[in-house]
Amino acid sequence: MEKRVILTFDDSVKNHAERVAPFLVTRGFNATFFITEWNREWNNLHGSMRLSHKDMQQIASMGFELGNHTHTHGGSQSLTHEGIEREIVYIEVLFQALGLPKPRTFAYPGGPYSEEAAKILKERNYLAARCVEERSFDPATEDPFRLPAYAVTEKNGGFTRAMEEFDRMEDSRCLILVYHGIPDQVHPWVNTEVETFESQMDELATRGAQVLSLAQLYES
Ligand SMILES: [Zn+2]
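Per our numbering, the very first residue in the sequence shown carries number 4; after that it's consecutive.
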């Protein structure tokens with residue numbers, strides 16, 4: 004059995020459509036792109052850096068999964084039950100309007116787990132939700148609504164630690180990688196350069212990793 008790596012891309016960065024998805028196709032990798040639309044202030048400043056609705060349709064038509072990362076990237080810690088539900092449902096309604104499949108996976112904005120959000124996701128028949136925590140996991144035993152993941156940036160060493168874990172973990176385990184913009188001009192603290200990213204993808208191929216979207220992990 005090939006060891007599995009789940010590739011995820013957060014925050015609706017424009018280059019996910021322009022560069023990342025086409026590159027992944029050349030490697031035969033799948034991935035999940037977690038969609039947010041940000042709030043009005045953010046869009047006034049950076050709107051052109053965000054995926055357009057057409058970009059989202061293009062990514063989906065290439066065979067990738069689009070997941071839910073909330074309407075405004077609202078911190079699920081600070082919102083009421085109704086507030087979180089609104090943030091989640093907005094993306095479902097958007098996908099429906101765009102003719103996209105209903106989102107089946109979720110990434111908690113900012114990373115931390117929210118019990119309230121998890122409750123809503125289960126009611127709405129999601130398959131899984133991703134936090135940020137550096138460890139591998141066994142999908143057969145782990146809570147699918149509290150999945151750990153390695154955040155990878157240019158400088159944080161996350162990819163190296165993920166590959167060390169990949170090499171030592173058992174075949175039944177898998178790990179999730181989280182990227183943001185390739186590169187990320189709006190949020191430079193989560194930046195990954197194009198050359199770095201492409202060489203990391205080549206490393207995954209060299210290791211014989213089976214690279215999947217998050218939904219694929221629970222469909223197989
Ligand atoms: Zn995010």
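Heads up, the beta-carbon is just placed ideally off N, CA and C, and yes, glycines get one too.
- Per DSSP, Q99 is one residue of the alpha helix (DSSP H) stretching across H84 to A100.
- Under DSSP, L69 takes part in a beta bridge, and its partners are F36.
- A208 and I179 do not touch by the CB rule: their CB atoms are close to 18 angstroms apart, not below 8 angstroms.
- I185 carries a coil assignment under DSSP once its states are collapsed to helix, strand and coil.
- Sorting R53, E136 and T35 by C-alpha distance to the C-alpha of R43 places R53 at the top.
- Using a Cβ-Cβ distance cut-off of 8 angstroms, the stretch 187 to 194 and the stretch 202 to 222 are not in contact, since fewer than three pairs of beta carbons, one from each stretch, lie closer than that value.
- The stretch 25 to 34 and the stretch 121 to 128 do not touch, with fewer than 3 CB-CB distances between them shorter than 8 angstroms.
- Our two residues, W45 and L97, have alpha carbons roughly 19 angstroms apart in a direct line.
- R133 is bridged by DSSP to A110 and L150.
- When C-alpha distances from S55 are compared across D14, E88 and G66, the shortest belongs to D14.
- Counting only the Cα atoms, V197 lies some 9 angstroms from G184.
- Under the three-state reduction of DSSP output, T156 falls in the coil class, being neither helix nor strand.
- For E85, the closest alpha carbon among the candidates R107, T108, E119 and S216 is that of E119.
- When DSSP states are grouped into helix, strand and coil, R138 belongs to the coil group.
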